[in-house]
Amino acid sequence: MEFNQVLKKRREITSFLEEKIPKEVMEEILNQACLAPTGNNLPSREFVVVTNRETLDLLYHTTPYMKWLKEAQGAVIVTGRPEISKYWLQDASIACSYIWLSAVNEGLGCAFGAVFNMEDEVKSKQGEEYVRKILHIPSDRRVIAVLGLGYQKEAPSKKDSTPKNELVHYETF
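Residue numbers (the numbering used here): 4 to 176.
Below you can see the structure in the form of C-alpha cells.
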C-alpha cells in the first residue's frame, strides 16, 4: 500500500473478527516498530507482544477504555525507559505510531489504549502496575500504551478532520 493511502486509511478500530493474526504479519509490524527513531538513537522503548487470549482478557481490565481487547487477536504493549533517555516518552510515542501505521499497511485494524497519564499520576501508576504485574515488566520501565490488533469487523465511518488551515501556521503562529 502506498504510504499516503496508509495514512488516509488509518482509523481507530474497536471491533475485530475472530481471525488469528499470522505470526509473519505480527513480526513484520514489530520489524517496522523497531525502525522507529529515538533521541540519540538510544534504546529507550521496548515492546511486549501478546496473543494469548487469557492474557488479552486480563489486559482488558487495565482501564475502562480498553473493551476492544475482548475481541482483539493480539496486542503490543509499548514501554519506555526513563533511565536510558530523557526522550523516552517521545520515543515510545513515535513507536506507537509506527505500530499503528504498520498494522494498517498489513491489513489490520488497531486501537490505542493509553496507560501512562501525565495529568493523573495515581491512575497512571494503577494502570502501569496492573500491566506490569500481568506481563512481568521490570519496575524501571514505564508502560505507555496497549495497542490492540486484529482484522476489523466493519469499516468505520469517515470522520471529519480539523481543516489544515486551522492546524498549520507558516513562518509565525
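Beta carbons are placed, not taken as given, at the ideal position from N, Cα and C, and that holds for glycine. Note that the coordinates shown come from a computational prediction; the quantities given were computed from them, not determined experimentally.
So does the segment 79 to 89 actually touch the segment 9 to 20, counting three or more Cβ pairs closer than 8 Å?
-> Between the segment 79 to 89 and the segment 9 to 20, the count of C-beta pairs closer than 8 Å stays below three; the two stretches do not touch.
Return yes when the Cβ of V81 is within less than 8 Å of the Cβ of L152, no when it is not.
-> The residue given as residue 152 occupies position 149 in the sequence shown. The residue given as residue 81 occupies position 78 in the sequence shown. Contact flag unset, no.
Could you spell out where the alpha helix (DSSP H) holding I137 opens and where it closes?
-> Within the sequence shown, numbered from 1, the residue matching residue 137 stands at position 134. Run containing I137: E124 to L138, per the alpha helix (DSSP H) assignment.
With a 10 Å radius around its C-beta and 16 neighbouring C-beta atoms as the bar for buried, classify D94 as buried or exposed.
-> Indexing the sequence shown from 1 puts residue 94 at position 91. So D94 ends up on the buried side.
E15 (DSSP reduced to helix, strand or coil) | In the sequence shown, counting from the first residue as 1, residue 15 sits at position 12. Three-state DSSP puts E15 in a strand.
The beta strand (DSSP E) enclosing I80, as first and last residue numbers | Taking the first residue of the sequence shown as position 1, residue 80 is located at position 77. In this chain, the beta strand (DSSP E) harbouring I80 covers G77 to G83.
Under a three-way DSSP split, which group does F6 fall into?
-> Here the question's residue 6 lines up with position 3 in the sequence shown. Collapsing the DSSP output to three states places F6 in a helix.
Going by Cα to Cα distance, which pick from R48, L104 and L92 is closest to Q35?
-> Numbered from its first residue, the sequence shown carries residue 35 at position 32. If you compare the alpha carbons of R48, L104 and L92 with that of Q35, the shortest gap goes to L104.
Integer Cβ distance of T54 from S47, believed to fall under 8 Å = Along the sequence shown, one-based indexing puts residue 54 at 51. Along the sequence shown, one-based indexing puts residue 47 at 44. Contact between T54 and S47 does not hold, since their C-beta atoms are separated by about 25 Å, which reaches or exceeds 8 Å.
Same chain only: Cβ atoms within 6 Å of T66, ignoring 5 sequence neighbours per side | Here the question's residue 66 lines up with position 63 in the sequence shown. Within the same chain, T66 has close Cβ partners G130.
When you compare each of C113, A117 and G110 to H64 by their alpha carbons, which one comes out closest?
-> Here residue 64 refers to the residue found at position 61 when the sequence shown is read from its first residue. Relative to the Cα of H64, the nearest Cα in the group C113, A117 and G110 belongs to A117.
Counting along the chain, where does the beta strand (DSSP E) carrying I147 start and finish?
-> As a first step, residue 147 must be located in the sequence shown, where it is residue number 144. R145 to G153 is the span of the beta strand (DSSP E), which, as asked, contains I147.
State the DSSP-derived secondary structure class of E49, mapped to helix, strand or coil.
-> On the sequence shown, position 46 is the one that residue 49 refers to. DSSP places E49 within a strand segment (E or B) once states are collapsed to three.
Are the segment 18 to 26 and the segment 153 to 161 touching, with three or more C-beta to C-beta distances below 8 Å?
-> Flag = yes, the segment 18 to 26 and the segment 153 to 161 touch.
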